[in-house]
Structure formats: C-alpha cells, structure tokens
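Here's the structure, in structure tokens; my notes come after.
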Amino acid sequence: CVARAAAMSAELPCCVVSVGDGAEPCSCSGVILCRGPGLVLCHAAVFSPFLQPGPEAWSRHQALPASVLPPGLRVRLLHAAPQLGAPSALQEHEAQPLGFARCQAFARALAGLAANWCCGGEDEGEAEQEAAASLPWFAWLRAPSLDVPGGGWTPWASAGDLHKGAALLACGSPFGALCPDLFLNTLSGGVLSNAAGEGNALLLTDARCLPGTQGGAVLLGPVASRPRVVAVIAAASCGAGGRGLALLCSLHAVLQSSRGLLRQLGEPPAPPAPLAAVPGAAALGCVALVESGGSWGSGTLLAPRLLLTCRHVLQAGTTPRVTLWPHGGRASILQARLLFAAAEASPFDVAVLELQERAPGFQPPRLASAFQPGEAVLALGFGALGRACGPSVTGGVLSAVVGAPPVMLQSTCAVHPGSSGGPLLAASDGRLLAGIVASNARDNAAGATYPHLNFCVPATLLQPPLARYLRTRDPAAFAPLDAGDEGARAAWRLQQRPPSKL
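Count the sequence shown with the working numbering and you get residues 604 to 1105, in order.
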C-alpha cells in the first residue's frame, strides 16, 4: 500500500521550486507542464525578493523577461522520480527562468471582485500590497534534466467547462522546501466553490491549501487515472481574516497570457483534454440572495413563490428583495413580503417570505425524510463572494444529528457571513437536508469564528408547517416553529439537554 501511494505521488505533475542560495531559500510549489522540453510553471511571488527593478515592477508591466533577475540566481526543482518496485526518490534539478507573464483575465476578474478581499484589508501594509500586485503573475522555468524522449504536455482541461460543486484535487507542497520528504505533493480534496471572469479565469475552492502550496496544481479526476490540470493555486487562503478558501487561476487563462513566451520556445501547448459532463451542484436554483436594508443573506426556495431564510437576515421596516439565479439563466430580481418570522424566544431562527411573482424555472426541492451522519453534503449561499458571482458552494459531511426527532443538524462545510438562510444538500442526489443554515460556531472569549462547524434547521421540522401552508394559505401554519420543546431550546442555546424524568 505504501509503495502504491509512493508510485501515485511520483506520477503527480508537481514539484517544489526553490530560489536563491543559503540555508533558507524562497520556495513554493510548481507544476511540471511539459516533459519535452521540460517546462515548469510556478507562481511569480517567490521571485519578488530578487527583482532588480524592485517589486513595483509587478504593477508596471504585463510581461517581464528573465533579465530582471540578477545573473547567476540559482533556481532548483525538487521532484519525486518514479522507481520501479521501490518508493519514489527525490531528485533535484537545476532550472533557468524563461520569463514572467501577467494573467490578464485573472487580473481583470480579481479587480472586479476587489483585490482587498483576497489579500487583506484597507489598512494593509507594504508586504500585503506587494502580494496583491504579484498575485496575477506566473513564472516559466526551463529544466533540461526533466526532458523525456517523446515527452509532451501534461494533460490539462479548461476551467470554463466546470460547474460549481465539481470535485477538485489540490496538489502542492505545504511550506515549500521545508521537509519535502514529508510534504512533497500533498493532496487535498474539495469542490469548486465559485468562479469569475472570462472562461472561469478566477476560481475558489474549499480544498485545504497551506502556505507554500502556491503554484501547485489543481486537478480533475482520480489520481489513479492520470488526472488533468485545470488550475494553479494563486493564494493558499484568501478573504479578510482567512476564510479557508484557496484562490486559483485557470491554467487556460495562464496559457493564453503566455502565448508570446511559448511561441518563442516553439512549443505551443497541446489542446485541452475534452471533458465529459462534470458533476456539480445540480440544485443551485434553490438558493437565493436576500437583501434587506443595508444587509444581505441567503434564502432557500421551497415553492414557486415561497422562500425560507433566517430571521436575523431581515431588517425591520424594510421590503426584502430576492435575487434568483435559475440554472443556466440570468439573475432575476423579485420583491417579497414577510409572511412569518419566528419569535425572538423561538429556538429556530426562521422567517418565511412570499415572492410577488413566481420564481422562473422553479424546480421543487426533494426534502429529506432521514439523515445519515457522515454523508457528504454541500452548503449553498452568498457568504464567500457576497453578491458578486452568484451563490458559492462548499463541501463537507453531515457531522451530527441532534435530537430524536432531529431538531438540529451540524455540518463541516465552510460557512461564512452571508450564508445564513442557505440550504444544506446531500452531495449524492441533491436532497434538501436542511431548510436553512442558521449559524456557525463562535468563541466570543477568543474572538474566533469556526466556519467548519455550523448549525442547520432540519428539513423534517419544516415539512409539516410547509404542507399546511400550501394547503390553507394561512401564515398561522408556521406558528409551531415559535414553540419548540425544551430539547430544541437547549440545543440551539448550546446548553446541556434537560435530564430525563424517567
């Protein structure tokens, strides 16, 4: 089993890139994109300390030649070489920088989403500004010792063919050149959380990408069947406070911006591998953006004119506005009125809105009748990019079912501010497990929020009042949500359950 794992690691098209001499060179991950000739792509930020014009060059140019680096700068690659019948051996290769390319489509998408969201806040320092300037830049390296007779381009695919919720595999080396025997080509699974720009030039994933994995590959397909590179890790984590999402740049977009450099080499990239239908979140049409006053959250569409959200999303005295993204269609903005809001004393943070018009292309969700702890789930909502690019998707498992009958579900999906009111779906078939994600866990004493621990209202709690309302059209049908037994109150207040009287 160990030998098989080592062989699989050796087949991964990734490496460590080290720049400079000394005990602690600058390092990051890289992608071996061609073996005839040996070409490696990595993120350009690792070269920032060595730029002779200074890091401000990132902001002044669209491409930079290798001559911006000092003569004799040493660049080394660390690669896992396969050995028949034995664990892979680490091999070191000398490399020469060929040049730097600024990915234009990625930069435009990043500007449209406000780069500060990805690289710090308004009060960012000089280091953060430098990181933001270098974010769209990538470096091409030539490694002659990676040449293989008859070698060609690593299989790759276009990110434009992906759908939110598609399974991704991030491959990189955490902490770069630190202890590669342990960390080289570490894998992390996740989903495509969101995308922006031409051909999905900018992508977000919830795959765990640690510092040093920048420049690593994001793959489609199982490792055992020679996966295709679809993107490059641009930032290990992004968002104010670090929201646990990695920022990716489409490989197709990098290749487009590098055409001039690759043309000089006489090595145009092979065409992308065709993709079969890539599974994604089929039920994206059931999630909505809910705006109320100056705030926003998410909502879950239960009927053509009925939307569930969290009470705390709505501001008193305002008319809610709902934006829907029908599958494959354009956004539709609808006005709504409040039908029901649970009382402050209720354990359930629930509100029900009636849309003034039918939701276009509505497909009724399949409400779950039972829950299986450990099953794969998807959380949908507007917490990662807010209103910018439609709903975001994060993956995890159903970590706990509280109560019998259930009064609370817990999941490990990354949930961020703005996700409140969105649905929790079964990843296997799109069943609606939870009508709404109500909150995530926060330690007020430490000032820490834990996005991977969140609390949801089970769909089974909502089915009886929903059925009653659809039959009677009387908002009083939702009144039972104001009640809740002591077990439900204790669960949602994070208190110990009352002892049994038996």
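Just so it is clear, CB atoms sit at the ideal spot from N, CA and C, and this is done for glycine as well.
Cutoff 6 Å; reference G896; Cβ partners in own chain excluding five residues on either side: Cβ within range, chain order: Q918, T921.
Contact under 8 Å by Cβ, A820 with V634: Inclusion of A820 and V634 in the CB contact set at 8 Å is warranted, their separation being smaller than that value.
Three-pair Cβ contact test at 8 Å for the region 939-952 versus the region 1079-1097: Contact holds: three or more Cβ-Cβ distances are below 8 Å.
Residue interval of the beta strand (DSSP E) (run including S1002): DSSP places S1002 in the uninterrupted beta strand (DSSP E) bounded by 995-1005.
C-beta contact flag for P1009 and T1063 at 8 Å: Against a cut-off of 8 Å, the Cβ pair of T1063 and P1009 comes out as a contact.
Buried versus exposed call for S662 [16 or more other C-beta atoms within 10 Å across all chains shown]: It counts as exposed.
Ordered list of beta strand (DSSP E) runs contained in the region 843-921, each at least 3 residues: Complete beta strand (DSSP E) runs here, min 3: 848-853, 890-895, 898-906, 909-912.
Length-filtered (3 minimum) beta strand (DSSP E) runs lying within the region 944-1028: Fully enclosed beta strand (DSSP E) runs of 3 or longer: 954-958, 979-984, 995-1005, 1011-1014.
Inter-residue spacing [alpha-carbon to alpha-carbon] between V881 and N788: Residue placement at V881 is flagged as unreliable, the pLDDT there being 48, under the threshold of 50; a coordinate-derived value is accordingly withheld.
Contacting residues, own chain, Cβ-Cβ under 7 Å from V893 (five flanking each side not counted): These residues qualify, in order along the chain: W899, G900, S901, G902, T912, V916, P923, V925, G1024.
Distance CB(A692)-CB(L680) smaller than 8 Å: No; because the gap between Cβ atoms is not below 8 Å, this pair is not in contact.
Boundaries of the beta strand (DSSP E) in which A770 is found, first to last residue: That run of the beta strand (DSSP E) goes 770-775.
Segments of 3+ residues assigned as beta strand (DSSP E) that fall wholly inside the region 607-660: If we require 3 residues or more, the beta strand (DSSP E) runs fully inside the region 607-660 come out as 617-622, 629-638, 641-646.
Boundaries of the beta strand (DSSP E) in which G793 is found, first to last residue: First-last of the beta strand (DSSP E) with G793: 789-799.
L765 vs A1017 beta-carbon contact at 8 Å: Cβ atoms of L765 and A1017: not closer than 8 Å.
Of the listed residues G802, E957, E947, nearest to L854 (C-alpha basis): The residue with the shortest Cα to Cα distance from L854 is G802.
Between the CA atoms of L744 and C631 - distance to the nearest angstrom: CA-to-CA, the gap between C631 and L744 works out to about 13 Å.
Residue interval of the alpha helix (DSSP H) (run including L749): Run containing L749: none; DSSP gives neither H nor E here.
CA-to-CA distance, L927 to A891, given in whole angstroms: Approximately 5 Å, taken between the alpha carbons.
Given G1033 as reference, the closest of L1069, T1015, A982 once Cα atoms are compared: The shortest C-alpha to C-alpha distance from G1033 to any of L1069, T1015, A982 is the one to A982.
Boundaries (first-last residue) of the alpha helix (DSSP H) holding L601: No statement about residue 601 is possible, as the shown extent of the chain runs from 604 to 1105 and does not include it.
C782, buried or exposed, once every other Cβ within 10 Å from all chains shown has been counted against 16: Exposed: under 16 other Cβ atoms inside 10 Å.
Same chain only: Cβ atoms within 6 Å of L636, ignoring 5 sequence neighbours per side: The answer, listed in chain order, is L642, L644, T757.
Local Cβ density within 10 Å of R862, reported as buried at 16 or more and exposed below that: With fewer than 16 other CB atoms across the displayed protein chains lying within 10 angstroms of its CB, R862 is exposed.
Per-residue DSSP class, three states only, for T808: Judged by DSSP in its simplified three-state form, T808 adopts strand.
Cβ shell of P673 (< 7 Å), same chain only, five flanking positions each side left out: Counting only residues of its own chain and dropping the five nearest sequence neighbours on each side, P673 has a CB closer than 7 Å to the CB of F653, Q655.
Coarse secondary structure for R1034, derived from DSSP in three states: It is coil, neither helix nor strand.
Those residues which DSSP pairs with T926 across a bridge: In DSSP, T926 forms a bridge with L892, I936.
DSSP state of S670 mapped onto helix, strand, coil: Note: S670 maps to helix in three-state DSSP.
Cβ neighbour criterion (16 or more within 10 Å) applied to Q1013: By the 16-neighbour rule on beta-carbons within 10 angstroms, Q1013 is buried.
Simplified DSSP assignment, three categories, for F709: Helix, per DSSP.
Start and end residues, beta strand (DSSP E) containing L823: It spans 820-823 - the beta strand (DSSP E) in which L823 sits, taken as one unbroken run.
Straight-line gap, S1103 to G1090 (C-alpha atoms, nearest Å): Since pLDDT at S1103 reaches only 46, below the 50 mark, its modelled position is unreliable, and the value read off the structure follows with that caveat. Roughly 10 Å separates the two Cα atoms.
Assigned exposure category for I836 - 16 Cβ within 10 Å defines buried: Burial is judged here by how many other beta carbons sit within 10 angstroms of a residue's own beta carbon; I836 has at least 16 and is buried.
With 16 other Cβ atoms within 10 Å as the buried cut-off, status of L1073: Exposed.
For V1040: DSSP bridge partner residues: According to DSSP, which records beta bridges pairwise, V1040 is partnered with C1059.
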